[in-house]
Amino acid sequence: MNISHRQLKAFLLLAQQRNFSRAAEQLHIAQSGLSLMIRELEGQLGFRLFDRTTRQVTLTQFGAEFRAVAEQNVKRIEEIVEQVGRSAQRANTTLSVGAPPLTCSYLLPPVVAAFEQRHPGVRLTIVDTDLPSVSSMVRAGHLDVGLGMFIKAAPGLLRQPLFHFSLVAASAAPRFQLARSPRSWSALAGESFINLPFDNPLQQLIDKNLALVGHEAPPRFVVNFIETQIGLAEAGRGIAILPSTAVPACRGRGIRLEPLGSPLVELEFYELRDRGRKLPPCADDFCDLLKRSIPRAVRGG
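In my numbering, the protein residues as written are 105 to 405.
As structure tokens, this is what we get:
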């Protein structure tokens with residue numbers, strides 16, 4: 105006996121419609137094809153399923169008994185197919201997240217661990233690169249989510265704030281210290297600084313605030329990465345003004361961090377997505393885990 109799922113579906117639809125023409129139309133086959141399918145099914149079973157007249161189609165006694173069995177089997181098969189399909193979809197789900205090295209090194213590891221426990225079937229990729237490359241890769245579709253301090257909006261990309269951060273002044277100290285009282289911008293006017301490049305949007309904001317308090321001297325060093333700023337500040341080569349997201353990178357080092365106030369500069373840490381792409385729900389969960397994992401010192405203010 106070789107009864108197919110399609111034969112059972114056709115039998116159940118005909119039993120419901122009691123009309124070969126309507127059932128065939130819903131199955132998208134010719135009426136003659138449906139008649140042949142039912143005759144083949146009856147031949148395999150060894151009994152008639154329907155009494156046919158010119159006016160109606162009715163189930164026989166054996167057809168009515170077989171209908172209950174057919175319904176159970178069709179329902180079970182479709183439940184299994186749906187379950188396997190969901191498992192296959194989860195197994196094929198991927199998520200790529202990009203961020204600058206500082207974020208990848210100090211903020212993302214606990215998030216990655218928690219995410220992989222919650223989504224064991226998702227293939228997660230972490231890309232550590234500079235901030236402009238993160239934006240470009242999201243726009244090109246090479247990254248699903250970008251993370252960072254995207255101060256300027258980018259056309260076609262959606263910026264969603266995850267948390268606030270502020271600015272801190274980093275200087276050499278015998279051991280790590282995180283001051284509770286803020287230091288005013290005016291108190292920095294005569295210091296030597298370790299800067300990021302001038303075209304960096306964060307550095308432009310810092311320079312604007314220093315100019316307001318009369319600081320005009322050129323920086324002692326200009327470097328490309330916040331990690332280098334931290335190292336030079338620890339060596340006593342000047343003061344580095346850092347985002348408070350860098351606090352975890354300074355712990356355990358000879359660095360004193362002082363929150364900057366008067367005025368307090370609050371900025372946003374964003375997730376970046378392509379407006380035209382639909383991402384799997386796990387992307388929202390990853391960003392939510394990051395938002396909830398950020399310690400108070402990193403949020404600043």
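Each residue gets a CB set at the ideal place from its N, CA and C atoms; glycine is no exception.
Item, Value
"Would you tell me roughly how many angstroms separate the C-alpha atoms of Val226 and Ser200, rounded to the nearest one?", "10 Å"
"Since I believe Leu145 is in contact with Ser115 (beta carbons under 8 Å), could you give me their beta-carbon distance rounded to a whole number of angstroms?", "It is worth fixing the name first, because residue 115 is Phe in this sequence and not Ser. That pair is a contact at about 6 Å."
"Taking all protein chains shown into account, decide if Pro297 is buried (16 or more other Cβ within 10 angstroms of its Cβ) or exposed.", "Strictly speaking, residue 297 in this sequence is Phe, with Pro absent from that position. So Phe297 ends up on the buried side."
"Can you give me the Cβ contacts of Thr197 inside the same chain, cut-off strictly under 6 Å, excluding the 5 residues immediately before and after it?", "Val226 and Pro384"
"Give me the residue from Ser209, His223, Asp232 and Ile184 with the minimum Cα distance to Gly202.", "Asp232"
"Going along the chain, which residues of its own chain have a beta-carbon closer than 6 Å to the beta-carbon of Glu295, five neighbours each way excluded?", "Ile343"
"Closest to Phe170 by C-alpha separation, out of Phe154, Ile181 and Val161, would be which residue?", "Phe154"
"Which residue or residues does DSSP assign as beta-bridge partners of Val201?", "Ile230 and Val249"
"Is there at least one Cβ from chain D nearer than 8 Å to Asn177's Cβ?", "No chain D is present in this structure, which holds just one protein chain."
"Quick check: the segment 322–331 against the segment 203–211, are there 3 or more CB pairs under 8 Å?", "yes"
"In chain order, what residues of the same chain have a beta carbon less than 8 Å from the beta carbon of Ala174, not counting five sequence neighbours either side?", "Leu112, Phe115 and Leu116"
"What does the alpha-carbon distance come out to for the pair Phe390 and Phe219?", "6 Å"
"Taking the Cβ atom as the reference point for each residue, do Leu271 and Leu361 lie within a distance shorter than 8 Å?", "no"
"Hey, out of Gln176, Thr157, Tyr210 and Leu118, whose CA is closest to Gly252's CA?", "Tyr210"
"Are three or more beta carbon pairs between the segment 257–266 and the segment 359–376 nearer than 8 Å?", "yes"
"I need the straight-line Cα distance from Ala217 to His223, nearest angstrom please.", "10 Å"
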